[in-house]
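Residue numbering for the sequence shown follows my numbering, beginning at 365 and increasing consecutively.
Ideal placement from N, C-alpha and C gives every residue a C-beta, glycine not left out.
These numbers were taken from a predicted model, which means no experiment stands behind them.
Have a look at the structure below, then the notes.
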Amino acid sequence: MPTTTRVFNFSAGPAVLPVPVLEQAQRDLVALPGVGMSVMEISHRSKVFEDLLAGAIANLRELAGVPLNYRILFLQGGASLQFSMVPMNLLKAGTAADYIDTGTWAVKAIEEARRVGTVNVTGSTKADKYTRIPAQSELHLTPGASYVHLTSNNTIEGTEWKAMPDVGNVPLVADASSDILSAPIDVSRFGVIYAGAQKNLGPSGVTLVIIREDLLEQSDKNLPTMLSYKVQAENNSLYNTPNTFGVYIFGLVMQWLKSLGGLAAIARLNQRKAAMLYSEIDRTGFYRGTAQVESRSMMNITFRLPSEELEKTFDRQASAAGFDGLKGHRSVGGLRASVYNAFPEEGVAGLVDFMREFERTHG
Ligand code: PMP
């Protein structure tokens, strides 16, 4: 294949970006129109960058209906640093934070929060090997907790919350790294939403944080400056040099999402793509979905074949046929098709054809 031909990239992240975004970035790479420099070469304090940042924020606000009493921040350190920043800023002395344990990334969030303060794991599906999301009735929320943390989509296990739990007046904090902007979202239900950009938003190295303004007052003034939400918000994410290129790509992704008709339209597309794959997985029993049906993710579709040997062969042959990145996470094995917003529908149709043919020849 010519070296510039694109494969169908099923990687869990960094993941496929929209082709129009890449093309625009390519056009702008040497010199932004009218600026004479690339976005990587201009000051983050310049009017040009400030406009890019403001545009990215405004477009996200419009797309996701982010209310005016929420701040939008672009930080660094990945979603993993948020595992620490959330408790450092929001876990009040003398109280506990509730965490819902739905998989590998939830466990990492819990481990980091425990370094900061008291954590109650108020629901877990570990006993079911994380194949499902817990029901509201299984959650034992702590009265007066500082916040409730959950992972809205479990990238590794392929499960997704279909509706947010009722947590009363306690702020809900969501790690939405792998399903942010995949469907309409009611931001007002959350205290904080955070996501590493490298799945649905842009390149790695920029982390989106959407935080309710009143929570900023909880950041202790003795926190390390860079780790304070309050400082980051007061400085509009420009306390230090942000990932300027990442923010620029993020802005282009927002424009692309708007051009598709917004989050309701993208959700319909995502539902269609996921349904095509799940119906093929369920068709005969040769493939076996690992998540329980009512908890299945629209973004990360995890499945197994009758043997690990066949899984290896499948992955190898699929790669050779231009379907890349299907190997499941090393911690769980199996196969995983990540079909984020930018993953094209024809790639899903192609994989379904490949799966049929593979079953016919190996089933
Ligand atoms: N949370 C979830 C749900 C993830 O999928 C990931 C990355 N795959 C992370 C957190 C960690 O993100 P980062 O690499 O940006 O720290």
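Closest residue to residue i among the options (Cα-Cα distance)
i	options	result
R490	Y511, N518, P507 and A477	Reading off the sequence shown, one finds Lys at residue 490, where the question assumed Arg. It is N518.
I464	G458, P431, T515 and S501	T515
Q353	P382, T369 and D679	A query on residue 353 cannot be resolved here, the shown segment of the chain reaching from 365 to 727 and no further.
L699	A473, G522, G686 and G714	G522
S702	S695, R694 and D688	D688
L572	Q440, K622, T459 and I474	Q440
R409	F447, R647, Y603 and A639	Y603
E673	G697, N664 and S583	G697
G566	E598, S552 and L616	L616
D543	E581, K411 and I665	I665
T368	S375, F707, E387 and T608	E387
V580	A538, Y434 and T495	Contrary to the premise, residue 580 reads as Leu rather than Val in this sequence. For L580, the nearest C-alpha among the options comes from Y434.
Any non-hydrogen atom of the ligand PMP within 7 Å of residue i CB
i	result
S444	yes
T725	no
G522	no
D539	yes
S448	no
T515	yes
W469	yes
S695	no
G429	no
T519	yes
S542	yes
Reduced DSSP secondary structure (H/G/I, E/B, other) of residue i
i	result
G429	coil
F667	strand
K493	coil
G653	strand
S623	helix
R435	strand
V412	helix
A701	strand
R647	coil
S448	helix
R636	helix
R359	Residue numbering for the chain in the displayed model covers 365 to 727; residue 359 lies beyond these limits and cannot be assessed.
S407	coil
S402	coil
S488	strand
R660	strand
Local Cβ density within 10 Å of residue i, reported as buried at 16 or more and exposed below that
i	result
K594	buried
K527	Checking the displayed sequence, the identity of residue 527 turns out to be Ala instead of Lys. So A527 counts as exposed.
T725	exposed
L393	exposed
K493	exposed
Q446	buried
E524	buried
R660	buried
H513	buried
G400	exposed
D717	exposed
Contact with chain B by residue i, beta-carbon distance below 8 Å
i	result
G442	Of the protein chains in the structure, only one exists, and it is not chain B.
task: Please specify which runs of the beta strand (DSSP E), each continuous and at least 3 residues long, are wholly inside the stretch 455 to 486, giving them in chain order.
output: 460 to 465
query: What are the complete beta strand (DSSP E) segments, minimum 3 residues, inside the stretch 514 to 598?
result: 536 to 539, 556 to 560 and 571 to 576
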